[in-house]
Every structure is written in C-alpha cells, then in structure tokens.
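Peer 1: Numbering (my numbering), first residue to last: -5 to 423.
A virtual CB, placed ideally from N, CA and C, is assigned to each residue, including glycine.
This structure is in structure tokens; I'll ask about it shortly.
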Amino acid sequence: MFLDEAKINIKAGNGGNGLVSFFNLKGKRKKIASGGNGGKGGDIRIKASKRYNTLYRFRKKVHFKAENGGSGKPNKRNGKDGRDLVIEVPVGTLVREADGRVIADLDREGKQAVLAGGGMGGRGNASFTSQARRFPAFAEYGEMTEERWIKLELRLLADVGLVGFPNAGKSTIISRVTAARPKIADYPFTTLVPNLGVVATEEDSFVIADIPGLIEGAHKGSGLGDRFLKHILRTSVIVYVLDAAKIMYEGADAEEDLGTLKKELKLYSQKLAEKKHIVILNKIDLLGDQDMEAIGERLKSSGENVIIFVSAVTGQGLKEMTEVLDKMVKQYKEEVSPPQADKEEYRVYDLDTSAAGEKIEIEKIGDEYLVKNKEIERMVQMTDLENQEGLNYLMQRLDRMHIADRLKEMGVEIGSTVIIGKLVFELKD
Ligand SMILES: Nc1nc2c(ncn2[C@@H]2O[C@H](COP(=O)(O)OP(=O)(O)OP(=O)(O)O)[C@@H](O)[C@H]2O)c(=O)[nH]1
Ligand SMILES: [Mg+2]
C-alpha cells in the first residue's frame, strides 16, 4: 500500500526530577547536600531512510514518545538521560507543523532533523549549595514537554515524470525501460499510485515516475484529481505521453490533448509548468509513417521541439527516449542544483528554544493577569511550590529578572493577581 500523507503526534521526554538528599559524615553532625540532578529527556528526531517507500506504517502508529529522563540519585549522582526516539521516514518526506509551516525537508538519505527537544533535568539540592545557602533542602522538577501534531508529506524523488491521459501507455513505458512492474491494462485509471523505476544508463542512472493518468478538470477533482502531481514537483524533466492511436482513430487532436495536460499542470503549480519537457507519441506501431509525420508536424508547428515517436510494445524509439532524457537530467543537475555541500547532509532544525528569549506577553482575564513566556513558565513549572525554600529561590530569580518592574511597565496595577503557570501571586510595590 502507498500512502503519501500522514499526521503524527510527538512528545519529547520529560526531564528527570532533581533529588533532595543529605549525606551524613560519620561521627559528625555535619551534613552535606548530595541530591543529584535529573537526566535530560530524550529528543524526537526524524530521519530519511531508504528502508521505507511510503508513509503507510503511520496509518496505525500515530503516537511517538521519547523516553523521560531519570530522577537524580543520592551521592550527587545524576539521573540517566532519556533515549532519543528516531522516526524513520522515506527519503523525500517533507515535515510540516500542524499550521502548514515546513520545518524539515528530508530530501536525502540519512538527513535528520530534531523535531522536539527533550526536557531539561531538574537540579538536585547539591546544585544549590553556596556560601549563603549551605544546606539547601529543595530541588527542581524536571521540565515537562508538550506533545504536538505534525504532518508528514511524501514527495517522491524522481528525475523524470511521465504525464498523460489514462491509457496513454505510461506504465507500459516504465515497465520497458526499468525493472518496475506496474499494472498495465486496457482501461483508464489502471495506475492508482505512483510507481518509480530506475533507468540504467551507460555511466549512471536516473529515476522515472509513472503517476496516475490526468484528465481535464483534474484540478477540480475530476478523475483521480491532481494530488499525485506533487510527486513530480522535484523532477528535472516532464514527459508528456500522447496516445497516437487515440489521435488516429478516435479523433483526438495532438495539440489539444497536449494543451489540456499542460493546463492541468499549470493550474496545479506554476513551477511544474515551467519545467523542461519533451513529448512522446506512443503506440506508433498502430500508425503508418505518413500518419506519424502528420502528427509530428502538427506538434512542431505548435512550438514543440523535442518529439519522440515510440512504441512501448515493440520497443521502437525507447532507446532514443532514454538517451535524450539522460542528457536533459544531467544538464539540469549541473545547471540548477550543483552538488550540495556535505554539511547539508545533517541539518538540525532548532525549534522554539531561542524564541523563549526576552518577550513577555500578558493576557488579562477578568482582573487577573496571565504571564506568557516560555523561559519563565519553565522556571515555575520546575519549582516545587510546596517547598518554601524552593519558592524563595524562584522568587529571587524572578526578582533578578525584574519581572515585577516589567509587568508594571506593561500596565499591570499594583495589587493585581498575576498568574505564571501554577504560580499565583499578588503584584507588590
Ligand atoms: N499497440 C500498443 N499498445 C500499447 C502501447 N503502449 C501501451 N499500450 C496498451 O495501452 C493500454 C494502456 O497501457 P498502460 O500502460 O496501462 O497505460 P497508462 O498510461 O499507464 O494508463 P493509466 O494507468 O490508466 O493512466 C494497455 O492495454 C497497453 O497494452 C503501444 O506502444 N502500442
Ligand atoms: Mg498506468
């Protein structure tokens, strides 16, 4: 089964909690704070892998959670970091936020991206020891991470895309020039999902995609619609496949048919319409030489300069077709996409972490103020508010950040109730 779109839910691991613990020196009354820090939560990563060709397995498996960090341990030992979770997807997968923003384009084998960073480990009481605070009896909770939905979208990576009406012989062509064995039959819409095949050339190879047939109005959903066109968005060359028998015996017009196909591509994407293309006139075994010439002239006069006559059944013209395509693909790759630098191979997309920064937002709800800022909310969430020492420590940090002053500047009146996560307090003078 082929599936080219999926929605999944991801959650990085929570940070482990810090520990409160004391180490008693033998025979003495002195004690030393010795609670270790919690471990970091595991990240959620995504990675392009040749092992998969479709997004099919995400139909059943939708939730992905990385391991939580372990709690801090006595004797200043830290908790274990949670293991990262690596989600493998086919090469060519585009990752989007739920709102559609692209966050990663996994267009090469092995390319990875971090989709969600694991939570920070909470500090154990040993970490809070200082001159002023010799016996801290508080620790932090680990940072809790949030789950979110992301969208996966597969765009096959082919060099050449075959476009044509149903029954034109696209699948027959790919079955003759590659090892792909798609279903071929004498009725429209035989092909329901894209097929990829590799054409071996003298020095190298290129990839051809056979997609379901297009008909007029595909952009409005007619036939199988136009959603398969996304799979040829990255090709170097488009091959329009025309059915010579349909032109010869069913009164179709070569120029008109070609125009319809081009129009559908353009309505789907301007980028697609601007790609280099050639025209293949297939099924010429059913035609006489004169008929062939007439159709060829018709296409030439409409401005087409590469027209190849082919019979996918007898094999005539196929060698010429692959040679022409091979040249065009090579040329395209040299011109348009020079070999990418190696560092591109492993690109990490850093999300949200820096966005926490300076900006504080406040929302007024009734006569209370809700403070929104990732960094500050995290500090609150990691604090054990039941522990007076821990609470004091948090308030000191907020003081040092001049949060109260900033809230006043933003118009929050003295005496108002301020809410930051689970912390509720009154703004004082
Ligand atoms: N005589 C002749 N028949 C051909 C040729 N190429 C394909 N056919 C026949 O045309 C019919 C359709 O071929 P397919 O390859 O399934 O066509 P398609 O373009 O993939 O069609 P869809 O998948 O429905 O879009 C089949 O019966 C093929 O045997 C050819 O060169 N000559
Ligand atoms: Mg087909």
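#1: Can you tell me which of Met395, Val330, Asn386 and Thr87 puts its alpha carbon nearest to the alpha carbon of Arg149?
#2: Determine which residues share a DSSP beta bridge with Val14 and list them.
#3: Can Pro188 be considered in contact with ligand 1, in the sense that its beta carbon sits closer than 7 Å to one or more heavy atoms?
#4: Looking at C-alpha atoms only, which residue of Glu197, Asp204, Leu156 and Arg221 is the closest neighbour of Gly211?
#5: Taking the straight line between their C-alpha atoms, what separation do you get for Leu446 and Lys257?
#6: If you count every other CB in all the chains shown that lies within 10 Å of the CB of Phe129, and 16 or more means buried, which is it?
#7: Among the residues of its own chain, which have a CB less than 6 Å from the CB of Ala0, if the five just before and after it don't count?
#8: Exposed or buried, what is His396 when buried is set at 16 or more other beta-carbons lying within 10 Å of its beta-carbon?
#9: Is it true that the CB of Gly191 sits closer than 8 Å to the CB of Ile202?
#10: What is the residue span of the alpha helix (DSSP H) that Glu141 lies within?
#11: Buried or exposed, going by whether 16 or more other CB atoms sit within 10 Å of the CB of Asn62?
#12: Which parts of the region 243 to 282 are runs of the alpha helix (DSSP H), unbroken and 4 residues or longer, counting only runs that do not cross its ends?
#13: How many angstroms separate the CA atom of Val406 from the CA atom of Glu383?
#14: Mind checking Ile408: buried by the 16 CB within 10 Å criterion, or exposed?
#15: For the beta strand (DSSP E) that contains Leu401, what are its first and last residues?
#16: Grab the span of the alpha helix (DSSP H) containing Ser169 for me, first residue to last.
#17: Do Leu109 and Ile38 come within 8 Å of each other at the CB atom, strictly closer than that value?
#18: Which class does Arg51 belong to by DSSP, given the choice of helix, strand or coil?
#19: Are three or more beta carbon pairs between the region 161 to 173 and the region 69 to 76 nearer than 8 Å?
#20: Rounded C-beta distance between Ile274 and Val231? I'm assuming under 8 Å.
#21: Under three-state DSSP, which class holds Thr185?
#22: I need the DSSP call for Ser296, collapsed to helix, strand or coil.
#23: Tell me whether Glu223 sits in a helix, a strand or coil according to DSSP, three-state version.
#24: Quick one: what does DSSP say Ser199 is sitting in, helix, strand or coil?
#25: Between which residues of its own chain and Gly158 is the CB-CB distance below 6 Å, once the five residues before and five after are set aside?
#26: Please check if any C-beta of chain D sits within less than 8 Å of the C-beta of Ile209.
#27: Would you say the region 5 to 18 touches the region 130 to 142, given that touching needs at least three Cβ pairs under 8 Å?
#28: Considering only the alpha carbon of each residue, which of Arg142, Ile26 and Gly111 lies closest to Ala92?
Peer 2: On the basis of the supplied data:
#1: Reading the sequence shown from its first residue, position 155 is the one you call residue 149. Checked all of Met395, Val330, Asn386 and Thr87; the closest Cα to Arg149 is Thr87.
#2: Position 20 of the sequence shown, counted from the first residue, corresponds to residue 14. BP columns for Val14 are empty, so no partner.
#3: As a position in the sequence shown, residue 188 is number 194, starting the count at 1. Pro188 has its CB no nearer than 7 Å to any heavy atom of ligand 1.
#4: Locating residue 211 in the sequence shown gives position 217, counting from the first residue. Here the closest residue by C-alpha is Arg221.
#5: Here the chain comprises residues numbered -5 to 423, so residue 446 is not present and cannot be evaluated.
#6: By 1-based counting over the sequence shown, the position of residue 129 is 135. Flag for Phe129 reads exposed.
#7: As a position in the sequence shown, residue 0 is number 6, starting the count at 1. Result list for Ala0: Leu49, Phe52 and Leu146, in chain order.
#8: The count along the sequence shown starts at 1 and reaches residue 396 at position 402. Per the 10 Å Cβ criterion, exposed.
#9: The residue labelled residue 202 in the question sits at position 208 within the sequence shown. The residue labelled residue 191 in the question sits at position 197 within the sequence shown. Taking 8 Å as the Cβ cut-off, Ile202 and Gly191 qualify as a contacting pair.
#10: The count along the sequence shown starts at 1 and reaches residue 141 at position 147. Premise fails: Glu141 is in no alpha helix (DSSP H) and is neither H nor E.
#11: Numbered from 1 along the sequence shown, position 68 holds the residue referred to as residue 62. So Asn62 counts as buried.
#12: 248 to 262 and 264 to 267
#13: In the sequence shown, counting from the first residue as 1, residue 406 sits at position 412. In the sequence shown, counting from the first residue as 1, residue 383 sits at position 389. Computed Cα separation, rounded: 27 Å.
#14: As a first step, residue 408 is located in the sequence shown; it is residue number 414 there, counting from the start. Per the 10 Å Cβ criterion, exposed.
#15: Counting from 1 along the sequence shown, the entry for residue 401 is found at position 407. Run containing Leu401: none in the beta strand (DSSP E); it sits in the alpha helix (DSSP H), Ile397 to Glu403.
#16: Taking the sequence shown and counting its residues from 1, the one referred to as residue 169 is at position 175. From DSSP, the alpha helix (DSSP H) with Ser169 extends over Lys164 to Val171.
#17: Working through the sequence shown from its first residue, we reach residue 38 at position 44. Working through the sequence shown from its first residue, we reach residue 109 at position 115. Cβ distance < 8 Å, so Ile38 and Leu109 count as in contact.
#18: Translated into the one-based positions of the sequence shown, residue 51 becomes position 57. If DSSP states are grouped into helix, strand and coil, Arg51 belongs with the helices.
#19: Not touching, per the Cβ criterion.
#20: Position 280 of the sequence shown, counted from the first residue, corresponds to residue 274. Position 237 of the sequence shown, counted from the first residue, corresponds to residue 231. Between Val231 and Ile274 the Cβ distance is about 11 Å, and since that is not below 8 Å, they are no contact.
#21: Looking up residue 185 in the sequence shown gives position 191. Here Thr185 sits in coil by DSSP.
#22: Sequence index remark: in the sequence shown, residue 296 carries index 302 (1-based). Coil, per DSSP.
#23: Taking the first residue of the sequence shown as position 1, residue 223 is located at position 229. This sequence places Leu at residue 223; Glu is not what is there. In the three-state reduction of the DSSP assignment, Leu223 falls in the helix class.
#24: The sequence position of residue 199 within the sequence shown is 205, counting from 1. Residue state, collapsed to three classes: strand.
#25: The count along the sequence shown starts at 1 and reaches residue 158 at position 164. Hits under 6 Å: Lys164 and Val235.
#26: Of the protein chains in this structure there is only one, and it is not chain D.
#27: yes
#28: Working through the sequence shown from its first residue, we reach residue 92 at position 98. For the residues Arg142, Ile26 and Gly111, the minimum Cα distance to Ala92 belongs to Arg142.
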